[in-house]
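Each position in the sequence shown, counted from 1, maps to that position plus 36 in our numbering.
Ideal Cβ placement from N, Cα and C applies to all residues, glycine included.
Computed from a predicted structure; not experimentally measured.
Notes for the one structure printed next.
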Amino acid sequence: MPLLEPDPGALQPASRPDEPAPDRVGVDRAGGTPEPLRSELVSLLGADKVLTGVSDLVAYASDASPYRFLPQAVVVAEDLDDVSAVLSYARGKGREVVFRAAGTSLNGQAQGEDILVDVRRHWAGVEVLDGGVRARIGPGTTVVRANAALARYGRVLGPDPASAVACTIGGVVANNASGMTAGTARNSYRTVASLTFVLPSGTVVDTGDPEAGAHLARAEPELCRGLRELKAEIEADPELVARIRAKYEIKNTNGYRLDAFLDGSTPVEIMRGLMVGSEGTFGFISEVVFDTLPLDRYVTAALLFFPSLPAAAAAVPAFNEAGAVAVELMDGNTLRASVKVAGVPADWAGLPEGTTALLVEFRAPDAAVRLVHEAAARRVTEALDLVAPVASITNAFTRDPGTVSGYWKARKAFVTAVGGSRPSGTTLITEDFAVPPARLAEACEALLELQHRHGFDAAVAGHAAHGNLHFLLAFDAGDPADVDRYAAFMDDFCRLTVERFDGSLKAEHATGRNIAPFLEREWGPRATALMWRLKRLIDPTGVLAPRIVLDRDPRAHLRGLKTIPEVEAVADPCIECGFCEPTCPSQDLTTTPRQRIVLRREMMRQPAGSPVEQGLLRAYGYASVDTCAGDSTCMLACPVGIDTGALMRDFRHQRHSAREERVAAFAARRFAAVEASTRLAVSAAHRISDRLLVAVTRAARSAVRPDLVPEWLPSVPGAAPRRLPRTPRAGAVAVYYPACVNRIFGNSPGQQGPSLPRALVEVSARAGRPVWIPRDVSGTCCATIWHSKGYAAGNALMANRIVEAAWGWTRGGRLPLVVDASSCTLGLAHEVVPYLTPENGALHRELTVVDSIAWAAEELLPRLTVHRTVESAVLHPTCSMRHLGNEGQLRAVADACADEVEVPDDAGCCAFAGDRGMLHRELTESATRREAAAVAARSYDGHWSANRMCEVGMHHATGRAYSSVLLGLERATRPPAR
């Protein structure tokens, strides 16, 4: 063990509930995957594809639903051979398999109690076909990622769930998810052209292959015969045919798609339909070809406010008739909770109780059609009795993209914003039902009465245009009386929906564990019996996802409900939705923000010192704390702004010894010497072979601690010039603060041209906007070094020092402070604030901190003449730029310097995070894998970013030397030689 390895017990919860939770992981599971399952799976697939530790199993035990089931083992499948091998093993051993992709399921479909197979990590990819008319998509691809590829062709997918940023295509198709505009015409069932899937037997079927029918007949004769028999039986029963057709006139994802027998004429066509919405119970969908739809870019929308829920619902038909593509409903509880979402007006918190809003949107292919839509919208709106109880409400249609985006952000945050506002310690249930759209207002009144009768104050939102509502209930899953209250509500709710409205108990979230016991109530015994026969026909050994769609236990929906113990305040609002995961740099290496919180909650469920807690703590240090990049992009993805990165920084602080804190504070006090010695060491290192440096630093890491000693990387650039450019203070319009990384590290070997500080000084002068570099910047820092590592004293010391210095340099804030590294801009502008003394806080409020990219785009570019460009450039926007909101400015500068500029669709945080990529190079390598592949797929003349250490990380990941886009700007605007 390294000398300075931290004590895992340092992260043991300081406080916890008086009694262990009833759903805590048992002591018998402390060892993780039991034998012989562990050794058999490892022998079958290899150790790198099987996760067996208790920490792994707990991390995968939760999804976005109110349920929690601990798997026996997790398999990270890489290809169809792995999937087939697992299915074959499970059949032979009588085991069960559940497939999991994004884990955004709201009904427990992504959870299993035996073998859970992760089909997200290695299953992403988009191939655009026929000029965008079709697209071949991997099941691990998010909807947002697929639509980004299609947008270049003016196309879009039909399904548009609110969780599009996180949910993956495999889950969308397996659950027949629809969303805001899909209704019954644009959902997966209607827009999937073909599927490739693996049956429980291991047979692989590509329904788009002209020979698929012959292949299936040879491989699965009994299945083909059974499908034909069921088709004939259904079609021979006119009453059943009519019932099936009627059930899909409104949105319905409850049970299996029996209309596949009516729509398909061959076993392959029938299976194509049945796989959609089968929730992983019929097979694994390995690839989907979608028929895409036109992307209508001319948008007008409004958020209209009504005095009550029934009043809003009554207005929906008029907007439907006017041609609105979306009519979304949000009740008062939803609107008030959404004030936690960035950009939502704060005065919504004071909306009267009954207030309800409709988000109405029209989309058109051109400006002329949009005018027609706007005229129709005005006619409808003029006849409505709208209210404006708070000042921010306009009740007006707008074309402004920012305003419209803000409306949708509030709507899509329904589950997370309301869930984040629930009482601490309660479990959240999300229900989803549909009624005939004409009866929506009546259904709203009935739902409100039912909630009141059972003592719930639910939040309601939904796709009102399609008669589809969602509502959220919070209750204590650890309190039997509260569980009984929920059970009574569910009985009455299902009876109401079916008997009074002949509605769908699941409109778009699929049956799942919480509606499976009520399936027969909606479909009746005849259709339900057919579904049971169908399951036995396709999966005769019952290997796939038992109890997910079909369950005869009338209380199955009450089994496995998860308690939500209180954790640290920053993370406690988390409802485990998973929106944070696609943006997390460590998602394919160790854990995600959601999993970090899930693991923490399990520690809280355990009695202090239990074997399970000890196992979790031993793994948590590396898997959660050390490999968190700390970039806080999870906060941007989370609708309620949970910053798991901040929590991990706090945990780093908790693990520090008093001696480590003293050393870090000493380094802050003597940073001028640290800076100079580091620059000297970098200069000396480049005179030594990379192989020797790698060997020496690896040995030191093993002896001391990997999280303290960086590993040498050949991509580390040489030393910066010892002296910064001399600049006069007189006439300067801004103060230029070169970040310490740019005072230490220079250009990459072989890169020609000036240093970054020299380039920024020169290009500013060319534009007539000269800058001044203070002579005493040496020894100062934005404090991010200490902040990111959780060194409290050093962080506070440097934060206050730099603010005092900046205030003096800028003459009390009269001049802007231009910073040449995006992470340092973020640090100086925002991250230092909580650590300032009251006096320095006042000084900070007088400062104007400007990122150098914003400076270049807004102050320099309009005043410069471009003399030369490169043909092509690829950009790496940094995570700090996302926080600052200046990705567009990076693009603007790059567009001026290159004829073609590309940002890879998979661009994300590089996870280099200062020196974290040198402490854990595997983190950067994992985080950049897809982006690096895109960069390597072609050649570029420029590889540009805006942060030196991110540039080093991307150089390491791609083998291509990255540099600041400002160097490209200096070259492009350099006057021609005379």
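Item checked: Which residues DSSP lists as bridging His-689, in chain order -> In DSSP, His-689 forms no bridge with anything.
Item checked: Bridge-paired residues (DSSP) for Glu-323 -> The partner list for Glu-323 (beta bridge, DSSP) reads Thr-232.
Checklist line | Contact the stretch 804–819 vs the stretch 758–773: 3+ CB pairs below 8 Å | finding: Verdict: yes, contact present.
Notebook entry, point to check: Between the stretch 450–470 and the stretch 366–381, are three or more C-beta pairs nearer than 8 Å?
Noted result: Output reads yes: the stretch 366–381 touches the stretch 450–470.
Checklist line | Coil, strand or helix - Gly-262 by DSSP | finding: Helix.
Next item on the list: Would you decide whether Gly-1017 is buried or exposed? Buried here means 16 or more other CB atoms lie within 10 Å of its CB.
Entry: This structure does not reach residue 1017, given that the chain is present from 37 up to 1014, and the question cannot be answered.
Notebook entry, point to check: Per DSSP, which one or two residues make a beta bridge with Asn-778?
Noted result: None, per the DSSP bridge assignment.
Note to self: By alpha-carbon positions, which one of Trp-845, Thr-820, Gly-844, Trp-843 ends up nearest to Leu-833?
What the structure shows: The option with the nearest alpha carbon to Leu-833 is Thr-820.
Checklist line | Met-990 versus Ser-859: straight-line alpha-carbon distance, rounded | finding: Computed Cα separation, rounded: 15 Å.
Checklist line | Complete runs of the alpha helix (DSSP H) confined to the stretch 384–466 [at least 4 residues] | finding: For the stretch 384–466, whole alpha helix (DSSP H) runs of length 4 or above, ordered along the chain, are 403–418, 437–448, 450–456.
Checklist line | Expected contact under 8 Å - CB spacing of Val-579 and Arg-136 to nearest Å | finding: Taking a contact as a CB-CB distance under 8 Å, the pair Val-579 and Arg-136 does not count as one, their CB atoms being some 16 Å apart.
Margin query: Considering just the uninterrupted stretch of the alpha helix (DSSP H) at Phe-707, what are its terminal residues?
Written below: In this chain, the alpha helix (DSSP H) harbouring Phe-707 covers 707–721.
Notebook entry, point to check: Do the stretch 385–396 and the stretch 311–322 make contact, defined as three or more Cβ pairs closer than 8 Å?
Noted result: The stretch 385–396 vs the stretch 311–322: no contact.
Item checked: Cα-Cα separation, Cys-986 to Pro-53 -> If I take the Cα positions, the gap works out to 42 Å.
Check: Touch check for the stretch 271–289 and the stretch 502–522: three-plus C-beta pairs under 8 Å?
Finding: With a cut-off of 8 Å, the stretch 502–522 and the stretch 271–289 count as touching, because enough Cβ pairs lie within range.
Note to self: Could you tell me the alpha carbon to alpha carbon distance between Tyr-189 and Ser-693, rounded to whole angstroms?
What the structure shows: Pairing Tyr-189 with Ser-693, the inter-Cα distance amounts to about 56 Å.
Item checked: For Glu-936: DSSP bridge partner residues -> Ser-908, per the DSSP bridge assignment.
Check: Where Ala-701 and Gly-848 are concerned, what is the direct C-alpha to C-alpha distance, given to the nearest angstrom?
Finding: Rounded to whole angstroms, Ala-701 to Gly-848 spans 27 Å at the Cα level.
Check: Mind checking whether Ser-224 and Thr-243 have CB atoms under 9 Å apart?
Finding: Their beta carbons are not under 9 Å apart, which means Ser-224 does not touch Thr-243 by this criterion.
Item checked: Rounded C-alpha distance that separates Ser-98 from Leu-47 -> Straight-line measurement puts the Cα of Leu-47 at about 22 Å from the Cα of Ser-98.
Check: From Ile-678 to Thr-204, what does the alpha carbon distance come to, in whole angstroms?
Finding: Looking at the two C-alpha atoms, the distance is approximately 22 Å.
Checklist line | Sequence-distant residues of its chain with Cβ nearer than 7 Å to Val-535 (five each side left out) | finding: The question names Val, but residue 535 is Glu in the sequence shown. Its chain contains no residue whose beta carbon lies nearer than 7 Å to that of Glu-535 once the 5 sequence neighbours on both sides are disregarded.
Note to self: Could you compute how far the alpha carbon of Ala-973 sits from the alpha carbon of Ala-517?
What the structure shows: Rounded to the nearest whole angstrom, the CA to CA distance from Ala-973 to Ala-517 is 59 Å.
Note to self: Between Ala-803, Arg-779, Tyr-827, which has its C-alpha nearest Gly-815's C-alpha?
What the structure shows: Selected option, being the one with the closest Cα: Arg-779.
Notebook entry, point to check: Alpha carbon to alpha carbon, what distance is there between Pro-874 and Tyr-827?
Noted result: Distance from the CA atom of Tyr-827 to the CA atom of Pro-874, rounded to whole angstroms, is 20 Å.
Check: Would you report the Cα separation of Ala-213 and Ile-584, rounded to the nearest angstrom?
Finding: Roughly 16 Å separates the two Cα atoms.
Check: Which class does Leu-959 belong to by DSSP, given the choice of helix, strand or coil?
Finding: Leu-959 falls in the helix class under three-state DSSP.
Note to self: Between the stretch 244–255 and the stretch 176–190, can you find at least three pairs of beta-carbon atoms closer than 8 Å?
What the structure shows: Not touching, per the Cβ criterion.
Item checked: Continuous alpha helix (DSSP H) stretch holding Leu-371: start and end -> First-last of the alpha helix (DSSP H) with Leu-371: 368–373.
Checklist line | beta strand (DSSP E) runs wholly inside the stretch 476–529, at least 3 long, in chain order | finding: Along the length of the stretch 476–529, whole beta strand (DSSP E) runs at least 3 residues long occupy 495–499, 504–511, reported in chain order.
Check: Is it right to say Leu-394 is buried, meaning 16 or more other beta carbons lie within 10 angstroms of its own, or is it exposed?
Finding: Buried: at least 16 other Cβ atoms inside 10 Å.
Notebook entry, point to check: Looking at Ser-916 and Thr-861, is the spacing between their C-beta atoms short of 9 Å?
Noted result: Taking 9 Å as the Cβ cut-off, Thr-861 and Ser-916 qualify as a contacting pair.
Next item on the list: Tell me where the alpha helix (DSSP H) around Val-180 begins and ends.
Entry: Taken as a continuous stretch (DSSP letters only), the alpha helix (DSSP H) holding Val-180 covers 179–187.
Next item on the list: Report the partner residues of Phe-537 according to the DSSP bridge assignment.
Entry: In the DSSP assignment, Phe-537 is bridged to no other residue.
Notebook entry, point to check: Using the rule of at least 16 other Cβ atoms within 10 Å of the residue's Cβ for burial, across every protein chain shown, is Leu-422 buried or exposed?
Noted result: That one is buried.
Next item on the list: Leaving out five residues on either side along the sequence, give the residues of the same chain with a beta carbon under 7 Å from the beta carbon of Thr-177.
Entry: Once the five neighbours on either side are set aside, the close Cβ partners of Thr-177 are Ala-160, Gly-161, Val-162, Thr-204, Ile-205.
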